Amino acid sequence: MTADNSARSGVAIRPSRLDDIATLQALEIAAAELFRGTGLIEMDAMDIVDRDAHRKAVDSGMSLLAEADGVPAGFVLGEVMGRDACLHELDVDPAHQRKGIGAALVEAFCAHCAAEGLASVYLSTFRDVAWNAPFYARLGFREIRKDDYLPWMREIEARQAKSLDISKRLFMRRVL
């Protein structure tokens, strides 16, 4: 995957590297602060993406980093699930939010998945949080009925139940 400078002026999106992992984890923690006090995430029990999962995503080309004027601003991370992809994590540093960086990361991730010949991108998100399901719906994602969840979606949901209120979550899909 090549760098993408088209997201916004001064913003470049590039494949993440192994030496970015600590930065990616710091971005995830910073972005999660938006949920503090919402009751949706138990912040003290929240798991961040571990180094091994980051390493796997980097090695498979499924992790992208956005830099704003050379400063890490956000990232997206996913994995291939058969002939589809699952976008597991999208985080933008609070100092860089509401500037189109998150949308640019999602678009770059979807473009990468399409170029790899994948059929769809799935994700799990909060239903009623403005920067979650409504945001993804604007980017072409549509809700998946719970009866249509694939087995791996149920596994993700079971893991999420440890620190998230899954009654307020849903899976969404974007056909590529």
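Here numbering that gives the first Met the number 0 is used: the first residue of the sequence shown is 0, the next is one more, and so on.
Even for Gly, the Cβ is constructed at its ideal location relative to N, Cα and C.
This one's a predicted model, so the numbers in the text were calculated from it and none came from an experiment.
Query                                                                                                                                                         : Result
Hey, how far is the Cα of Arg144 from the Cα of Met80?                                                                                                        : 19 Å
Since I believe Gly77 is in contact with Pro14 (beta carbons under 8 Å), could you give me their beta-carbon distance rounded to a whole number of angstroms? : About 13 Å; that fails the 8 Å criterion.
By the three-class DSSP mapping on this structure, what secondary structure does Thr124 have?                                                                 : strand
Quick one: what's Ala84 bridged to in DSSP?                                                                                                                   : Val79 and Val120
I need the straight-line Cα distance from Leu23 to Gly73, nearest angstrom please.                                                                            : 8 Å
Nearest-angstrom Cα distance between Ser123 and Asp68?                                                                                                        : 30 Å
From the DSSP output, which residues share a beta bridge with Ile40?                                                                                          : Leu163
Figure out for me which residue from Glu142, Leu33, Glu32 and Gly38 has the closest Cα to the Cα of Asp201.                                                   : Residue 201 is absent from the structure shown; the chain starts at 0 and stops at 175.
So what's Ala72 in DSSP terms, helix, strand or just coil?                                                                                                    : strand
Considering only C-alpha positions, which residue in the set Pro133, Ala52, Ser62 and Ala21 is nearest to Met171?                                             : Pro133
Quick one: residues in its chain with C-beta nearer than 7 Å to the C-beta of Asp90, no 5 flanking neighbours on either side, listed in chain order?          : Leu26, Glu27, Ala30, Gly73 and Phe74
Below 6 Å CB to CB, which residues in the same chain sit around Asp19 once its five sequence neighbours on both sides are set aside?                          : Leu64
Which residue's Cα is closest to the Cα of Cys85: Pro93, Lys98, Ile40 and Ala56?                                                                              : Ala56
Following the continuous beta strand (DSSP E) through Phe34, name the residue where it begins and the one where it ends.                                      : Element bounds for Phe34: n/a, residue is neither H nor E.
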